[in-house]
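Under the numbering used here, the letters of the sequence shown match residues 114 to 428, in that order.
Glycine included, C-beta positions come from ideal geometry on N, C-alpha and C.
To start, the structure under review is shown below, and the notes come after it.
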Amino acid sequence: MAQVVSAQVARSRPAPPPAQRFVTSDGVGLRVRQDGPESARLTVVLLHGWTCDHTVWDRVVDGLADAESVRVLRYDHRGHGGSAPAPRDTTTIDQLAEDAAGLIAERAPEGELLLVGHSMGGMTMMALAERYPELVRARVAGAVFVSTTPCSLARITLGLPGPLGGAVVRAENAATAVLGRTNREHFLARPAALRPMVRRLVFGAGAARRDVAALTAQLGRVHPASMSGFRRSFAVHERRRALAQFAGVPSTVLVGSRDLLTPVGHARIIARELPDARFVCYPKAGHMLPYERAAEVHDLIRAHIARIRHSRSAG
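Here you go:
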């Protein structure tokens, strides 16, 4: 009986909109998912992390567009998911900021913006503010930084002590470089073998098997050369000063206590640069808060939407 009811509910839900394409200024086709009314005064823009794609936000945004009457805009970064590979020398955070600016200009040219960025997506938000400060000042009404950093990741140790951590990171960098020269079809054929590593590196305690499988599948959809190129760009990511552009913007900083890739200390730097921001550290959670704390992130986004609307009506 339960299966029949579930099937009926599934059939009653509206079908998701078809995948759309956006072509960047340098001709790269990006896969885009847009939900909600075109006439919405507020657009929630979600930027995913390295080796993920827009589906990482599925549970976070479930029902959001309909419940809040907002436009929800998410997409796959170049080289990720259903987007085209990143041309050589374009695997940089600056380029991702250009892509985001172009997408916003085309798909959400007017109205307020709520930016939500996970990991590399959060770095992209900072680069966007650095390159387009007038956009942030004029239109960004809220910002959510999820498991991200304003600092270089060149010295990250993955939670391991001293020399051991450095050795493991060097090995990981070398492995990523090798994968960058791997044929994509060969890479796609072996995603299950990566699940133990994925669980260890990016999830905290009690990771759900379905979440590990979903993330590993996303990893399998990354263009290997793009993955390697973006990994190198993290070493030169230094954007603490760019955070000043978010001063006065209602912001939230989220991190898991067991995040090995962008540890709690990195999130605290963001919070120090934005002293009015709300800081939330989730005990026992890892790097993948869009999975590990999906309901909480969903609720925080809705709280931001409510605050934006209250400010609008009060003003």
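LEU160 beta carbon less than 9 Å from that of LEU209: In the sequence shown, the residue the question calls residue 209 occupies position 96. In the sequence shown, the residue the question calls residue 160 occupies position 47. Cβ atoms of LEU209 and LEU160: closer than 9 Å.
Through-space distance from LEU228 to GLN358, alpha-carbon basis: Within the sequence shown, residue 358 is the residue found at index 245, counting from 1. Within the sequence shown, residue 228 is the residue found at index 115, counting from 1. About 13 Å.
Backbone secondary structure at ARG422 - three-state DSSP: For the purposes of this step, residue 422 is taken as the residue at position 309 of the sequence shown. Helix, per DSSP.
Element boundaries [alpha helix (DSSP H), containing ASP179]: In the sequence shown, the residue the question calls residue 179 occupies position 66. Note, ASP179: alpha helix (DSSP H), 177-181.
Inter-residue CB distance, SER364 and LEU387 (contact presumed, cutoff 8 Å): As a working mapping, residue 364 is identified with position 251 in the sequence shown. As a working mapping, residue 387 is identified with position 274 in the sequence shown. Beta-carbon to beta-carbon, SER364 and LEU387 are separated by about 5 Å, close enough to satisfy the 8 Å threshold.
Sheet register partners of THR365 (DSSP bridge): Your numbering for residue 365 matches position 252 in the sequence shown. In DSSP, THR365 forms a bridge with VAL257, ARG391.
Three-way DSSP call (helix, strand, coil) for PHE359 in this model: Numbered from 1 along the sequence shown, position 246 holds the residue referred to as residue 359. In this structure, PHE359 counts as helix in the three-state DSSP scheme.
Stretch-stretch touch, CB-based, cutoff 8 Å, three pairs: the stretch 143-159 with the stretch 174-184: Enough Cβ pairs lie closer than 8 Å, so yes.
Buried versus exposed call for ARG312 [16 or more other C-beta atoms within 10 Å across all chains shown]: Along the sequence shown, one-based indexing puts residue 312 at 199. ARG312 is buried by the Cβ-count criterion.
Runs of alpha helix (DSSP H) wholly within the stretch 172-248 (minimum 4 residues, chain order): Counting only runs of 4+ residues, the alpha helix (DSSP H) found wholly inside the stretch 172-248 occupies 177-181, 206-220, 233-244, in chain order.
Through-space distance from ARG344 to MET233, alpha-carbon basis: For the purposes of this step, residue 233 is identified with residue 120 of the sequence shown, where counting begins at 1. For the purposes of this step, residue 344 is identified with residue 231 of the sequence shown, where counting begins at 1. Answer to the nearest angstrom: the Cα atoms are 10 Å apart.
HIS336 beta carbon less than 9 Å from that of GLY162: Translated into positions along the sequence shown, residue 162 becomes position 49. Translated into positions along the sequence shown, residue 336 becomes position 223. Contact: no.
Limits of the beta strand (DSSP E) - the one that PHE135 falls within: Position 22 of the sequence shown, counted from the first residue, corresponds to residue 135. From DSSP, the beta strand (DSSP E) with PHE135 extends over 133-136.
Endpoints, beta strand (DSSP E) assigned at VAL430: The requested residue 430 does not occur in the structure, where the chain is confined to residues 114 to 428.
Exposure of ARG371, with buried meaning 16 or more beta-carbon neighbours within 10 Å: Within the sequence shown, residue 371 is the residue found at index 258, counting from 1. Classified as buried, ARG371 has 16 or more neighbouring CB atoms from the shown chains inside 10 Å of its CB.
Residues near PHE135 by beta carbon distance below 6 Å, same chain, minus five either side: Position 22 of the sequence shown, counted from the first residue, corresponds to residue 135. Correct list, in chain order: LEU143, VAL145, LEU216.
Residue range of the unbroken beta strand (DSSP E) whose run includes VAL325: Your numbering for residue 325 matches position 212 in the sequence shown. No beta strand (DSSP E) contains VAL325, which is instead part of the alpha helix (DSSP H) from 322-333.
Alpha carbon of ARG381 to alpha carbon of GLY195, nearest angstrom: Along the sequence shown, one-based indexing puts residue 381 at 268. Along the sequence shown, one-based indexing puts residue 195 at 82. If I take the Cα positions, the gap works out to 33 Å.
Per-residue burial, GLY369 [other beta carbons within 10 Å of its own, 16 or more giving buried]: Locating residue 369 in the sequence shown gives position 256, where the first residue counts as 1. Classification for GLY369: buried.
C-alpha gap between TYR404 and ASP166, whole angstroms: Here residue 404 refers to the residue found at position 291 of the sequence shown. Here residue 166 refers to the residue found at position 53 of the sequence shown. Separation of TYR404 and ASP166 (C-alpha to C-alpha, rounded to the nearest whole angstrom) is 13 Å.
For ARG268, the nearest candidate out of GLY319, PRO222, GLU351, ARG323 (CA to CA): In the sequence shown, the residue the question calls residue 268 occupies position 155. The shortest Cα separation from ARG268 among GLY319, PRO222, GLU351, ARG323 belongs to GLU351.
Pick from SER152, ALA240, ALA384 that is closest to GLY224, judged by C-alpha positions: Indexing the sequence shown from 1 puts residue 224 at position 111. It is SER152 whose Cα lies nearest to the Cα of GLY224.
DSSP beta-bridge partners of LEU155: Indexing the sequence shown from 1 puts residue 155 at position 42. Per DSSP, GLU225.
Nonlocal neighbours in the same chain, by C-beta distance under 8 Å from VAL291, ignoring five residues either side: In the sequence shown, residue 291 corresponds to position 178, counting from 1. Confidence is the limiting factor: at VAL291 the pLDDT is only 48, short of 50, which leaves the residue's position unreliable, though a coordinate-based value still follows. Sequence-distant Cβ neighbours of VAL291 in its own chain, meaning closer than 8 Å and more than five residues away, do not exist here.
DSSP three-state assignment for GLY374, whether helix, strand or coil: As a first step, residue 374 is located in the sequence shown; it is residue number 261 there, counting from the start. The sequence shown places Leu at residue 374, rather than the Gly named in the question. Reduced to three states, the DSSP call for LEU374 is coil.
Cβ neighbours of ARG334 in the same chain (closer than 8 Å, five flanking residues each side left out): Numbered from 1 along the sequence shown, position 221 holds the residue referred to as residue 334. Once the five neighbours on either side are set aside, the close Cβ partners of ARG334 are ASP166, HIS193, GLY194, GLY195, LEU301.
Outcome for ARG323 when other beta-carbon atoms lying within 10 angstroms are tallied against a minimum of 16: Locating residue 323 in the sequence shown gives position 210, counting from the first residue. Exposed, because fewer than 16 other Cβ atoms sit within 10 Å of the Cβ of ARG323.
Secondary structure of LEU266, DSSP reduced to three states: In the sequence shown, counting from the first residue as 1, residue 266 sits at position 153. Residue state, collapsed to three classes: coil.
Own chain partners of ARG252 with C-beta closer than 8 Å, once the 5 adjacent residues on each side are dropped: Mapped onto the sequence shown, residue 252 falls at position 139. In chain order, GLY224, GLU225, LEU226 place their CB closer than 8 Å to the CB of ARG252, counting only its own chain and leaving out the 5 sequence neighbours on each side.
Minimum C-alpha distance to ALA242 - residue among SER260, ILE206, ALA221: Along the sequence shown, read from residue 1 onward, the residue named residue 242 stands at position 129. Restricting attention to SER260, ILE206, ALA221, the CA atom closest to the CA of ALA242 is found in ILE206.
Contacts around VAL377, its chain only, beta-carbon distance under 7 Å, and the 5 residues preceding and following it disregarded: For the purposes of this step, residue 377 is taken as residue 264 along the sequence shown, with counting starting at 1. Taken in chain order, the residues that qualify are VAL368, SER370, CYS394.
Beta carbon of VAL173 nearer than 9 Å to that of VAL410: For the purposes of this step, residue 173 is identified with residue 60 of the sequence shown, where counting begins at 1. For the purposes of this step, residue 410 is identified with residue 297 of the sequence shown, where counting begins at 1. Yes, the Cβ-Cβ distance between VAL173 and VAL410 is below 9 Å.
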